[in-house]
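All remarks here apply to the structure that follows.
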Amino acid sequence: MMAASRVHNYRGVLLHDELMKKHTSWRVGGPADQFYTPEDLDDLEAFLKTLPENEDITFIGLGSNLLVRDKGIRGTVISLKGKMSDIEALEDSRLRVGAGTSCAKLARYCHRNNLIGGEFFAGIPGLLGGALAMNAGAFGGVTWPVVDSVITLDKQGNIYKRNAEDYEINYRSVKGHENEWFVSADLKFTPGDGEQAAQKVKELLEKRSQTQPTGLPSCGSVFKNPENDYAARLIEESGLKGFAIGGAVVSEKHANFIINSGSALASDIEKLIKYVLKTVKDKHGITLKTEVRVIGEVSND
Ligand SMILES: Cc1cc2nc3c(=O)[nH]c(=O)nc-3n(C[C@H](O)[C@H](O)[C@H](O)COP(=O)(O)OP(=O)(O)OC[C@H]3O[C@@H](n4cnc5c(N)ncnc54)[C@H](O)[C@@H]3O)c2cc1C
């Protein structure tokens, strides 16, 4: 008798009850019901079409700006890590870059091809998709000013081309077409000396590692800087450096970082975020806003 085989019309990898702590830089987060890594864009479209209409979908990059709660994520997580990462040279110093491309790879590509304006990507430990969603920035450079247009995808697998002007872009905030996800972007740079740019970036990264706890599990800056001020200054002056809840600790090196000291639960980090918010509000009268995105099922405990 022939063994029954399941026929799928997608080619990527589908996992069930996948622990999100394996996919976040804080190393916390419970299980996602389904976790899919598409092979390419066609495959992603095909996979989305197999999902029920009411399925909740969460796109992630490298999880470097995500706090996933301990109860995990209901529905399907789509991860572009290691996929959809082609970089294609277009005319006029422009590049078509897949949303799964790491920002570090993009920066290296710019250096090697003598393109200027993408150096800042070297400071962002995520994928281009995440950088587009966050309007990530480092070393004085920001994502959206180098965007010409993007290709997006909706839940039904429809593809759209959007121009940068179709979005309302602010500091770590991108509004517009919220029901679509980024699959690639056309980015514009200028010709220049790539080697010199690479050297400058190396110095900036070295300087950064002296002031930020870059080697420890974190999400980078937890809070956005308020206008004309620094969240780190407000947190430090609230006496919170080193303050801990469970395994979550406000970094001694940089007060806007919360570190997982090894045993943190997402709930420890979430409680610490709330504590910092309240303390800064009480001491300085300023309500900080989180830069990290907190997602997943809320616990009733
Ligand atoms: C040590 C450290 C240093 C950092 N330094 C900086 C810094 O200097 N500047 C800075 O801006 N950030 C910094 N970050 C934060 C983080 O790296 C950025 O926000 C980054 O852009 C997130 O990318 P990601 O791929 O990890 O996205 P994720 O964290 O996986 O996701 C972030 C958000 O983007 C959404 N998203 C992801 N992919 C897509 C897609 N394809 N389409 C639509 N939405 C999508 C997710 O749903 C989520 O809401 C730092 C983080 C760490 C750990």
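So for the sequence shown, this note's numbering puts the first residue at 1463; every next one is plus one.
Ideal placement from N, C-alpha and C gives every residue a C-beta, glycine not left out.
As the structure is a computational prediction, the values presented were derived from the model and not from experiment.
- Query: How many angstroms separate the CA atom of I1522 from the CA atom of I1540?
  - Reply: Whole-angstrom Cα-Cα distance: 6 Å.
- In terms of alpha-carbon separation, which member of K1736, L1734, L1727 lies closest to M1482? The alpha carbon of M1482 has as its nearest neighbour, out of K1736, L1734, L1727, the alpha carbon of L1727.
- Run the CB neighbour count on G1602, radius 10 Å, all protein chains shown included, and call it buried at 16 or more, exposed below. With a threshold of 16 other beta carbon atoms within 10 Å, G1602 falls short and is exposed.
- Would you decide whether S1725 is buried or exposed? Buried here means 16 or more other CB atoms lie within 10 Å of its CB. Exposed, since its Cβ has fewer than 16 Cβ neighbours within 10 Å.
- Task: Could you tell me the boundaries of the beta strand (DSSP E) in which Q1618 lies?
- Result: Here Q1618 belongs to no beta strand (DSSP E), and DSSP marks it neither H nor E.
- What residue does the alpha helix (DSSP H) around F1509 start on, and which one ends it? Its alpha helix (DSSP H) spans residues 1503 to 1512.
- Express the C-alpha separation of L1568 and N1620 in angstroms, rounding to a whole number. The C-alpha of N1620 lies about 26 Å from the C-alpha of L1568.
- Query: Going along the chain, which unbroken runs of the alpha helix (DSSP H) with 4 or more residues stay wholly within the segment 1629 to 1717?
  - Reply: If we require 4 residues or more, the alpha helix (DSSP H) runs fully inside the segment 1629 to 1717 come out as 1656 to 1673, 1693 to 1699.
- Among K1743, L1667, Q1674, N1690, nearest to I1720 - alpha-carbon criterion: Of the candidates K1743, L1667, Q1674, N1690, the one whose C-alpha sits nearest the C-alpha of I1720 is Q1674.
- P1508 to S1635 span [Cα, whole Å]: The displayed chain sequence assigns Ala, not Pro, to residue 1508. As the crow flies, the alpha-carbon of A1508 is around 30 Å from that of S1635.
- Per-residue burial, S1671 [other beta carbons within 10 Å of its own, 16 or more giving buried]: Burial call: exposed.
- Residues near A1659 in its chain [Cβ-Cβ closer than 7 Å; skip 5 each side]: Annotation for A1659: H1573, I1578, E1581 place their beta carbon closer than 7 Å to its own, counting only its chain and skipping 5 residues before and after.
- Message: Distance check for L1666 and E1657, CA to CA, integer angstroms please.
- Response: Straight-line Cα distance between these residues: approximately 14 Å.
- Task: Just mark H1470 as buried or exposed, buried being the case when its beta carbon has 16 or more other beta carbons within 10 Å.
- Result: Taking all protein chains in view, the Cβ of H1470 is surrounded by fewer than 16 other Cβ atoms within 10 Å, so the residue is classified as exposed.
- Message: When you compare the CB positions of T1486 and G1525, do they come within less than 7 Å of one another, or not?
- Response: Going by C-beta atoms, T1486 is nearer than 7 Å to G1525.
- Rounded to whole angstroms, what's the CA-CA distance from L1557 to L1590? Just pull it up for me. If I take the Cα positions, the gap works out to 12 Å.
- Ordered list of alpha helix (DSSP H) runs contained in the segment 1511 to 1574, each at least 4 residues: The segment 1511 to 1574 contains these whole alpha helix (DSSP H) runs: 1565 to 1574.
- Task: Would you list the one or two residues that DSSP bridges to F1497?
- Result: F1497 is bridged by DSSP to L1477, V1539.
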